[in-house]
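Colleague:
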Amino acid sequence: MPAKINLALKVGPPRDDGYHPLATVFQAVSLFDEIEAEWAEPGEFAVTVTGEGADLVPVDDSNLAIRAAQLLASTYGRPNSVGVSLSIKKSIPVAGGLAGGSSNGAAALVACAALWDLDVGTDELQALAAELGSDVPFAMLGGTALGSGRGDVLVPALARGTYSWVLAFGHRGLSTPAVYRRFDQLNSPGGGPPEVPAALMNALRSGEPAQVGPELVNDLQPAALDLQPKLRQVIEAGLEYGALGAIVSGSGPTCAFLAANETAAVDLSVALSADGICRAVRRVTGPVTGARIVG
Ligand code: C5P
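Note that the numbering used here has the sequence shown beginning at 1291, numbered continuously upward.
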């Protein structure tokens, strides 16, 4: 199941329920966590986590994959006749703005529905995904999509081509609610509903990274930079090393750099790694498909 980046993240003032209305363009990229689901005793829901940032992931009922399995079991009727033991192998950094946790939730829904042989369709799974979190429906869908509502209402976007990205991981994570709170402090309430810039949609239709790069936009970026000022240097370094566009991914702190092609991405990732300002650098491509069963 893939990580996501937001090519545009336009954020409106908070709604009465505290969530922010979004107009966003998600793209799923080739950085994957893996999840395995095995039968467990009825009523037993357990998870083990290994890999990138595993010690930061809760393994109790607050784990999004466990919550997904429990929600699926209780909604589709057999909570005391099914159980699951989940193993998650993480490559997506925790609290990185890449929807790693959401991706695990989406994968658990898909994996458990298959394991328990439930008669549940994609639309039903998407509805459960939205209950679990704003980014979970996109993690199921994948590709490139326009998101509205709190990010959970999706329409596939017309996007041509494959994009080469370089991701720079931060030393510390950022809490999504904390970034939204800082966003509220930095912005005065009011204004119209958020909209994805037409220029970005046109650029995506062209399939030209050189057109897409300058149109990347993230309203949460000033809040993320305020909470982690060093990210400013990371963004500047990527642009200096030839990125066509640079953006904090979602609520951060991962920074995403768009390269002209694979060769440029290799050069950019080598330069950023040598610079030593981020914890790790990874090359990925997008779009890729959403959570799916591989065997
Ligand atoms: O939906 P999810 O549980 O992933 O959201 C985590 C937190 O991010 C929310 O509790 C809220 O503070 C913030 N959020 C928001 N507006 C959104 C999505 C998330 O304020 N559209």
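Virtual Cβ for every residue (Gly too), placed ideally from N, Cα, C.
Got a sec, what are the start and stop residues for the alpha helix (DSSP H) P1446 sits in?
Modeller: As a working mapping, residue 1446 is identified with position 156 in the sequence shown. First-last for P1446: 1443-1446, but that is the beta strand (DSSP E), not the alpha helix (DSSP H).
Colleague: In whole angstroms, give me the CA-to-CA distance for L1558 and G1528.
Modeller: Residue mapping note: residue 1558 aligns to position 268 of the sequence shown, counting from 1. Residue mapping note: residue 1528 aligns to position 238 of the sequence shown, counting from 1. Cα to Cα, L1558 sits roughly 7 Å from G1528.
Colleague: Just to confirm, are L1436 and V1315 a CB contact at a threshold of 8 Å?
Modeller: Residue 1436 sits at position 146 when you count from the first residue of the sequence shown. Residue 1315 sits at position 25 when you count from the first residue of the sequence shown. Cβ atoms of L1436 and V1315: closer than 8 Å.
Colleague: In the stretch 1511-1580, which residue ranges form an unbroken beta strand (DSSP E) of at least 3 residues, counting only runs that do not cross its ends?
Modeller: Runs found: 1535-1538, 1545-1549, 1570-1576.
Colleague: May I ask you to report which of helix, strand or coil DSSP gives E1342?
Modeller: Along the sequence shown, one-based indexing puts residue 1342 at 52. Here E1342 sits in coil by DSSP.
Colleague: Measure the alpha-carbon distance for L1362 versus V1400 and round it to whole angstroms.
Modeller: Taking the sequence shown and counting its residues from 1, one reaches residue 1362 at position 72. Taking the sequence shown and counting its residues from 1, one reaches residue 1400 at position 110. Rounded to the nearest angstrom, the two C-alpha atoms are 10 Å apart.
Colleague: Give me the Cα-Cα distance between S1465 and E1328, rounded to the nearest whole angstrom.
Modeller: Position 175 of the sequence shown, counted from the first residue, corresponds to residue 1465. Position 38 of the sequence shown, counted from the first residue, corresponds to residue 1328. Straight-line Cα distance between these residues: approximately 31 Å.
Colleague: Cutting at 7 Å between CB atoms, please list the residues of its own chain near D1407, excluding the five before and the five after it.
Modeller: Along the sequence shown, read from residue 1 onward, the residue named residue 1407 stands at position 117. Around D1407: no qualifying Cβ.
Colleague: Run the CB neighbour count on P1292, radius 10 Å, all protein chains shown included, and call it buried at 16 or more, exposed below.
Modeller: One-based indexing of the sequence shown puts residue 1292 at position 2. When all chains shown are included, P1292 counts as buried.
Colleague: By Cβ distance, which residues of its chain are closer than 6 Å to D1565, with the 5 residues on each side in sequence left out?
Modeller: Here residue 1565 corresponds to residue number 275 of the sequence shown, with the count starting at 1. Counting only Cβ-Cβ distances below 6 Å, and skipping sequence neighbours, we find A1527.
Colleague: Say whether the stretch 1303-1312 touches the stretch 1348-1357, bearing in mind that this needs 3 or more beta-carbon pairs closer than 8 Å, one atom from each stretch.
Modeller: The stretch 1303-1312 is not in contact with the stretch 1348-1357.
Colleague: With 16 as the cutoff for other CB atoms within 10 Å, does T1544 come out buried or exposed?
Modeller: What you label residue 1544 is simply residue 254 of the sequence shown in a count that begins at 1. Classification of T1544: buried, given that the 10 Å Cβ count is 16 or more.
Colleague: Identify the continuous beta strand (DSSP E) that holds P1292 and give its terminal residues.
Modeller: As a first step, residue 1292 must be located in the sequence shown, where it is residue number 2. Run containing P1292: 1292-1301, per the beta strand (DSSP E) assignment.
Colleague: Note down the Cα distance separating L1490 from A1313, rounded to an integer number of angstroms.
Modeller: Taking the first residue of the sequence shown as position 1, residue 1490 is located at position 200. Taking the first residue of the sequence shown as position 1, residue 1313 is located at position 23. Their Cα atoms are separated by approximately 12 Å.
Colleague: Taking the alpha-carbon positions, what's the V1502 to R1472 distance?
Modeller: Residue 1502 sits at position 212 when you count from the first residue of the sequence shown. Residue 1472 sits at position 182 when you count from the first residue of the sequence shown. Those two C-alpha atoms are separated by around 28 Å.
Colleague: Taking C-beta to C-beta, are L1494 and G1540 nearer than 8 Å?
Modeller: Within the sequence shown, residue 1494 is the residue found at index 204, counting from 1. Within the sequence shown, residue 1540 is the residue found at index 250, counting from 1. The answer is no: Cβ separation not under 8 Å.
Colleague: Of all the beta strand (DSSP E) runs that stay within the bounds of the stretch 1373-1435, which reach a length of 3 or more residues?
Modeller: Whole beta strand (DSSP E) segments, 3+ residues: 1374-1380.
Colleague: Using CA coordinates, which residue listed in E1530, P1479, L1521 is at the minimum distance from P1303?
Modeller: By 1-based counting over the sequence shown, the position of residue 1303 is 13. P1303 has its Cα closest to that of P1479, out of E1530, P1479, L1521.
Colleague: Sorted by chain position, which residues of the same chain lie with C-beta nearer than 7 Å to N1551's C-beta, five sequence neighbours on each side aside?
Modeller: Taking the sequence shown and counting its residues from 1, the one referred to as residue 1551 is at position 261. Result list for N1551: S1454, in chain order.
Colleague: For a test of the three-state rule: what should DSSP assign to G1503, helix, strand or coil?
Modeller: Residue numbering aside, residue 1503 sits at position 213 when the sequence shown is read from its first letter. The answer is helix: DSSP assigns G1503 an H, G or I state.
Colleague: From the DSSP output, read off the bridge partner residues of N1508.
Modeller: Here residue 1508 refers to the residue found at position 218 of the sequence shown. Paired residue(s): L1299.
Colleague: Say the cut is 7 Å; is the CB of R1440 nearer than that to a heavy atom of the ligand C5P?
Modeller: As a first step, residue 1440 is located in the sequence shown; it is residue number 150 there, counting from the start. At least one heavy atom of the ligand C5P is nearer than 7 Å to the Cβ of R1440, so yes.
Colleague: Since S1496 is in the alpha helix (DSSP H), which residue starts that stretch and which ends it?
Modeller: The residue you call residue 1496 lines up with position 206 of the sequence shown. That run of the alpha helix (DSSP H) goes 1488-1496.
Colleague: Are the stretch 1317-1333 and the stretch 1566-1575 touching by the rule of at least three beta carbon pairs closer than 8 Å?
Modeller: As far as the Cβ criterion goes, the stretch 1317-1333 touches the stretch 1566-1575, which means the pair count is three or higher.
Colleague: Hey, how far is the Cα of R1450 from the Cα of A1561?
Modeller: Taking the first residue of the sequence shown as 1, we reach residue 1450 at position 160. Taking the first residue of the sequence shown as 1, we reach residue 1561 at position 271. Distance between the alpha carbons of R1450 and A1561 is about 28 Å.
Colleague: Using only the heavy atoms of the ligand C5P, determine whether one of them is closer than 7 Å to the beta carbon of S1539.
Modeller: The sequence position of residue 1539 within the sequence shown is 249, counting from 1. No, the Cβ of S1539 stays beyond 7 Å of every heavy atom of the ligand C5P.
Colleague: May I ask you to report which of helix, strand or coil DSSP gives S1364?
Modeller: Against the sequence shown, residue 1364 aligns to sequence position 74. It is helical.
Colleague: According to DSSP, simplified to helix, strand and coil, what is L1464?
Modeller: Locating residue 1464 in the sequence shown gives position 174, where the first residue counts as 1. L1464: coil per DSSP, three-state reduction.
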